[in-house]
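Protein chains: 2
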Amino acid sequence: MSAQSADPRTRQLHLNLFVYPGGHHEAAWRHSVSPDPDRLLDIRFYQDLARAAELAAFDGVFFADGPALADNVRYASRFRLEPFTWLSAVAAATERIGLIATASTTYTEPYNLARLFASLDHLSGGRAGWNIVTTGAPQAARNFGLDAHPVHAERYERARDFLEAVGKLWDSWEDGALVADRRSGLFADTDRIHTVDHEGPLLKVRGPLNIPRSPQGRPVYVQAGSSEDGRAFAARYAEAVFTAHQTLRSGQEFYADIKQRAARLGRDPGKLLVLPGISPFIASTESEARRLHQEFNELTQPEYSLELLHRLLGVRLTQGELDGPVPRELIETGGERGNGSRFQLVLDIVEREQPTVRELLHRLAGARGHRVIAGTPEQVAGQLQQWYEQGAADGFNVMPPWLPGGFDVFAAQVVPILRERGLFRSEYEGGTLREHYGLARPLSRYEAARSAAAPVA
Amino acid sequence: MSAQSADPRTRQLHLNLFVYPGGHHEAAWRHSVSPDPDRLLDIRFYQDLARAAELAAFDGVFFADGPALADNVRYASRFRLEPFTWLSAVAAATERIGLIATASTTYTEPYNLARLFASLDHLSGGRAGWNIVTTGAPQAARNFGLDAHPVHAERYERARDFLEAVGKLWDSWEDGALVADRRSGLFADTDRIHTVDHEGPLLKVRGPLNIPRSPQGRPVYVQAGSSEDGRAFAARYAEAVFTAHQTLRSGQEFYADIKQRAARLGRDPGKLLVLPGISPFIASTESEARRLHQEFNELTQPEYSLELLHRLLGVRLTQGELDGPVPRELIETGGERGNGSRFQLVLDIVEREQPTVRELLHRLAGARGHRVIAGTPEQVAGQLQQWYEQGAADGFNVMPPWLPGGFDVFAAQVVPILRERGLFRSEYEGGTLREHYGLARPLSRYEAARSAAAPVA
Ligand SMILES: Cc1cc2nc3c(=O)[nH]c(=O)nc-3n(C[C@H](O)[C@H](O)[C@H](O)COP(=O)(O)O)c2cc1C
Ligand SMILES: Cc1cc2nc3c(=O)[nH]c(=O)nc-3n(C[C@H](O)[C@H](O)[C@H](O)COP(=O)(O)O)c2cc1C
Numbered sequence: 001m002s003a004q005s006a007d008p009r010t011r012q013l014h015l016n017l018f019v020y021p022g023g024h025h026e027a028a029w030r031h032s033v034s035p036d037p038d039r040l041l042d043i044r045f046y047q048d049l050a051r052a053a054e055l056a057a058f059d060g061v062f063f064a065d066g067p068a069l070a071d072n073v074r075y076a077s078r079f080r081l082e083p084f085t086w087l088s089a090v091a092a093a094t095e096r097i098g099l100i101a102t103a104s105t106t107y108t109e110p111y112n113l114a115r116l117f118a119s120l121d122h123l124s125g126g127r128a129g130w131n132i133v134t135t136g137a138p139q140a141a142r143n144f145g146l147d148a149h150p151v152h153a154e155r156y157e158r159a160r161d162f163l164e165a166v167g168k169l170w171d172s173w174e175d176g177a178l179v180a181d182r183r184s185g186l187f188a189d190t191d192r193i194h195t196v197d198h199e200g201p202l203l204k205v206r207g208p209l210n211i212p213r214s215p216q217g218r219p220v221y222v223q224a225g226s227s228e229d230g231r232a233f234a235a236r237y238a239e240a241v242f243t244a245h246q247t248l249r250s251g252q253e254f255y256a257d258i259k260q261r262a263a264r265l266g267r268d269p270g271k272l273l274v275l276p277g278i279s280p281f282i283a284s285t286e287s288e289a290r291r292l293h294q295e296f297n298e299l300t301q302p303e304y305s306l307e308l309l310h311r312l313l314g315v316r317l318t319q320g321e322l323d324g325p326v327p328r329e330l331i332e333t334g335g336e337r338g339n340g341s342r343f344q345l346v347l348d349i350v351e352r353e354q355p356t357v358r359e360l361l362h363r364l365a366g367a368r369g370h371r372v373i374a375g376t377p378e379q380v381a382g383q384l385q386q387w388y389e390q391g392a393a394d395g396f397n398v399m400p401p402w403l404p405g406g407f408d409v410f411a412a413q414v415v416p417i418l419r420e421r422g423l424f425r426s427e428y429e430g431g432t433l434r435e436h437y438g439l440a441r442p443l444s445r446y447e448a449a450r451s452a453a454a455p456v457a
Numbered sequence: 001m002s003a004q005s006a007d008p009r010t011r012q013l014h015l016n017l018f019v020y021p022g023g024h025h026e027a028a029w030r031h032s033v034s035p036d037p038d039r040l041l042d043i044r045f046y047q048d049l050a051r052a053a054e055l056a057a058f059d060g061v062f063f064a065d066g067p068a069l070a071d072n073v074r075y076a077s078r079f080r081l082e083p084f085t086w087l088s089a090v091a092a093a094t095e096r097i098g099l100i101a102t103a104s105t106t107y108t109e110p111y112n113l114a115r116l117f118a119s120l121d122h123l124s125g126g127r128a129g130w131n132i133v134t135t136g137a138p139q140a141a142r143n144f145g146l147d148a149h150p151v152h153a154e155r156y157e158r159a160r161d162f163l164e165a166v167g168k169l170w171d172s173w174e175d176g177a178l179v180a181d182r183r184s185g186l187f188a189d190t191d192r193i194h195t196v197d198h199e200g201p202l203l204k205v206r207g208p209l210n211i212p213r214s215p216q217g218r219p220v221y222v223q224a225g226s227s228e229d230g231r232a233f234a235a236r237y238a239e240a241v242f243t244a245h246q247t248l249r250s251g252q253e254f255y256a257d258i259k260q261r262a263a264r265l266g267r268d269p270g271k272l273l274v275l276p277g278i279s280p281f282i283a284s285t286e287s288e289a290r291r292l293h294q295e296f297n298e299l300t301q302p303e304y305s306l307e308l309l310h311r312l313l314g315v316r317l318t319q320g321e322l323d324g325p326v327p328r329e330l331i332e333t334g335g336e337r338g339n340g341s342r343f344q345l346v347l348d349i350v351e352r353e354q355p356t357v358r359e360l361l362h363r364l365a366g367a368r369g370h371r372v373i374a375g376t377p378e379q380v381a382g383q384l385q386q387w388y389e390q391g392a393a394d395g396f397n398v399m400p401p402w403l404p405g406g407f408d409v410f411a412a413q414v415v416p417i418l419r420e421r422g423l424f425r426s427e428y429e430g431g432t433l434r435e436h437y438g439l440a441r442p443l444s445r446y447e448a449a450r451s452a453a454a455p456v457a
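Residue numbers (UniProt numbering), protein chains in the order written: chain H, 1 to 457; chain V, 1 to 457.
The structure is reproduced here in structure tokens:
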């Protein structure tokens, strides 16, 4: 199959731990399996989690982000941990695991962001990844003096411009430009440090960056938008794609589409990993796992979930409508929304399952639209294997319903099965995120241009 | 003396370690006392330094910053470590020492900066300080799409607006707004979380912040500009002021001026610490210390120092002029420059000492205009004591000529003398930077307003 260029005998799946304060299920913080809530702001809690994921040889830990407070923080653990500070402290407590920070191209400056990632990559010894987002939450705009969130197409236009700008900044120091020759007094070879003079449609950035080239050259590019613009962007830039799918079919379609788009741009589709989210309730029997899931769902609060639905779909429903069918107008109001592809995903659930509003809210409570499964370790491993082998995934973004326990049970019971089946590493082979993902380290474009121009010796 | 309101029996001096990659002397990296240059990008090097400073019970470590690359990086270790990432990793390796990050009000967004500091304060357990700068380096502008660096007055106007905005963001969550009551399902009490709706002359920020109030409420405000605008700003906002003085007289004048300005604004002058920089060469005899200083100076490169002079003064001199007097036109071209107060300081040296250009460059090589002294541990301790007791300092920003050794000798030989004389703590009493500096923790303005409005029970 052309979409999977990697040798099937050595191909391995990739696993990230998607960290969310309080766990991914919106009511997890209320359940007794969760730790005391004041651990949610304790860095050691996250350091311990990352160490546990590193012990399981996970590729990376991933932090979502958005520069605004969710309105429904009244009902669930929905504040934000700033990813750069948090992951830098996590880096200090770990050695091998990748560190993927979400950052917005809409609400940051290229020079500042380039510095943050170069520094994170340096201090972690080459473990930085960037989940590139354009920011879904429209209320972010007013935190930055804007009256309105730029529309979807504009956000992606800036995202492309931004990627070109920061790409040049990260290339601005060639490898080896820091010479530090005590005798001659040459500290940095400025012939190998380049102003970048980026002038794009929206952004002007002169450069060079003020720090030498980092271990990975630049962070691994991760992308998480699945709209048409998002897919085009991913096909061009992304080295890994995070995505949400409820059904194998939908996952396969997305997988084939993204890989084909990359191939059409002349890229090796094997160098663009597709990583759907999966939120697993695990217990020794399937019915026990389902009961656990049900317990979590019973702790949800409709005020919260209706607000989430409003955010995902732009529609406000009332508590009086909870036990009726999902109203038709929900399905008919498409259009320009923050969260294009997540909208489609919810519509698909409605059409496929004809749920009541309450049932739909429970479907979304687990992981905001990501796939939730409940089963035995074998069943969960089997699901991952199926998606992996049937062209829907190169690995997964594991989204434990609660933390840390929901991760611990996955690491202790599912990971060993994946290993027995030859699907997942027992230990790290490389030291950088790029190596875990099987990606080559890029050469600075300026160095490449210089060596191409040099005469053959 | 009204300017020193603290009880003289308990008043203690404060010491920060000002960390500069490669040490403060511009040629330190070339000297054999310095470690291998590839340690300069190794986070463990800085973690070890901070641990050493913590062992000496220093108040804080301080990182300078600027969003541009210095042109003269060809000749000295003048790249930048991004302070938030770097200090977060340092936080993870330490427990008590304060962590002071420089950040620009000209080239960052209030919402993003407020998040970074709140997070650093959370993950360090209340150790964050902010060295508030408007950015001296004019070449920063073009890294942010601007054709020119905003002029001095404009930068300070934005700085004031910025402080008002981030102050409100840091207050936007009252203490205790994160309730996390599992039974009722109330995660955050949104009645105690406030939109801030800041609309200043230049900045609009809605809020609230997306993270609960941090251990110190907000970072300790440090300021480091000594121009007229800078002093006015410091008197209003700063809790500590970093400053550069070559003579006791100049230090005393500045000290008295800043304290009086604060008092005139109704502030307690004891809550605004004045911390001049000091770069000490220490050896067991004075002549040995001078010889060491001389060795460092002999490793300087005129290309570098002339560039620094250009940056500080806006004047370009040539190597041919090195052994002549400082030209008159240097002294006459004042005006609108990035570095107003540093300009004055250099002029003072010229007028006082009538140095050749080379001698002037050597004076600046040690610490870019900060005071360099060479002597025995007793002499160095004596100098600090004199400035401290004679109204020029509440403590010092220690700027070791080289690292880590230049710090180690200070900690091992000068600090014990200061302790014997009752001038410096032997161990920490508090856990936060605010406590080390003797500052109270501020209450959220919104909480203060609410409790003032509440009826007496
Ligand atoms: C696994 C996953 C994680 C995401 N994390 C974030 C995030 O942290 N912040 C954010 O603004 N958007 C996040 N998104 C959403 C998108 O990246 C995005 O910028 C926006 O919703 C537009 O997406 P679209 O291209 O699907 O319309 C995430 C999406 C997925 C699938
Ligand atoms: C100890 C010390 C440290 C400083 N660190 C910085 C710094 O890291 N970044 C910066 O832009 N300016 C730094 N400055 C300079 C000023 O803060 C400043 O923003 C600018 O030079 C204008 O200062 P002025 O008010 O003295 O004219 C520092 C000054 C001193 C005394």
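Glycine residues also receive a C-beta, built at the ideal position from the N, C-alpha and C atoms.
Just so you know, these numbers come straight off a predicted model, no measurement behind them.
Annotation for V:Asp65 indicates a beta carbon within 6 angstroms of some heavy atom of ligand 2.
DSSP lists no beta-bridge partner residue for H:Trp402. Interface residue (Cβ-Cβ distance to chain V less than 7 angstroms): H:Tyr111 is classified as such. The three-state reading of DSSP puts V:Val205 in strand, counting E and B together. Below the 9 angstroms Cβ cutoff, chain H contributes Glu109 and Asn112 as neighbours of V:Thr108, in chain order.
In the three-state reduction of the DSSP assignment, H:Asp147 falls in the coil class, being assigned neither a helical nor a strand state.
In this structure, the beta-carbon distance from V:Gly22 to V:Thr432 does not fall below 7 angstroms.
Excluding residues up to 5 positions away in sequence, Arg231, Ala234, Ala235, Val241, Leu272 and Val274 lie with their Cβ nearer than 7 angstroms to the Cβ of H:Ile258 in the same chain.
Using a CB distance cut-off of 7 angstroms, H:Gln383 does not count as an interface residue toward chain V. Between H:Tyr255 and H:Tyr237, the C-beta spacing is not below 7 angstroms.
In the DSSP secondary-structure assignment, V:Gln223 is bridged to V:Ile132 and V:Val241.
Around the beta carbon of V:Gln246, 16 or more other beta carbons sit within 10 angstroms, so the residue counts as buried. Interface annotation for the stretch 199–220 of chain V against chain H: Leu203, Lys204, Val205, Arg206, Gly207, Pro208, Leu209, Asn210, Ile211 and Pro212, criterion Cβ-Cβ distance under 8 angstroms.
Taking the beta carbon of H:Ser444 as reference, no residue of chain V falls within 9 angstroms; the closest one sits roughly 15 angstroms away. The alpha helix (DSSP H) runs lying completely inside the stretch 70–97 of chain H and spanning 4 residues or more are 83–91, given in chain order.
For the stretch 65–94 of chain V, the beta-carbon criterion of a distance under 7 angstroms to any beta-carbon of chain H is satisfied by Pro67, Ala68, Leu69, Val73, Arg74, Tyr75, Ala76, Ser77, Phe79, Arg80, Leu81, Glu82, Phe84, Thr85, Trp86, Ser88, Ala89, Ala91, Ala92 and Ala93.
For H:Gly277, the CB falls within less than 6 angstroms of some heavy atom of ligand 1. For H:Arg434, the enclosing alpha helix (DSSP H) has its first and last residue at Leu433 to His436. With respect to the 7 angstroms criterion, V:Val415 and V:Leu17 are not classified as neighbours on the basis of their beta carbons.
In the DSSP annotation of this structure, the continuous segment of the beta strand (DSSP E) that includes H:Asn16 starts and ends at His14 to Val19.
With contact defined as three or more Cβ pairs closer than 8 angstroms, the stretch 434–443 of chain H and the stretch 355–367 of chain V are not in contact. For H:Ile258, the secondary structure class from DSSP, reduced to helix, strand or coil, is helix. Between ligand 2 and the CB of V:Gly230, the shortest heavy atom gap is smaller than 6 angstroms. In this structure, DSSP gives V:Leu299 a state outside helix and strand, which the three-state scheme calls coil. Placement of the Cβ of V:Val133 at a distance of less than 6 angstroms from at least one heavy atom of ligand 2 is found.
By the criterion of a C-beta distance shorter than 7 angstroms, V:Asn143 is surrounded in its chain by Pro67 and Ala68, once the five residues flanking it on both sides are discounted. By the Cβ criterion, the stretch 275–290 of chain H is in contact with the stretch 373–380 of chain H, since at least three pairs of Cβ atoms, one from each stretch, lie closer than 8 angstroms. For the pair V:Ala262 and V:Gly430, the Cα-to-Cα distance works out to about 25 angstroms. Shown here, V:Glu199 sits in a strand according to DSSP, grouped into three states.
In the structure shown, H:Leu265 adopts coil according to DSSP, grouped into three states.
When secondary structure is reduced to three states using DSSP, V:Gly277 falls in the strand class. When DSSP reads this structure, V:Phe63 sits in a beta bridge with V:Val19 and V:Ala101. The three-state secondary structure of H:Pro416, taken from DSSP, is helix.
Closest in alpha carbon position to V:Asp121, among V:Ile132, V:Gly185, V:Leu146 and V:Ala91, is V:Ala91. With a threshold of 6 angstroms, the Cβ atom of V:Thr108 does not count as near ligand 2, since no heavy atom of the ligand is closer than that. Comparing alpha carbon positions, the residue from H:Arg342, H:Ala412, H:Ala141 and H:Gln385 closest to H:Leu248 is H:Gln385.
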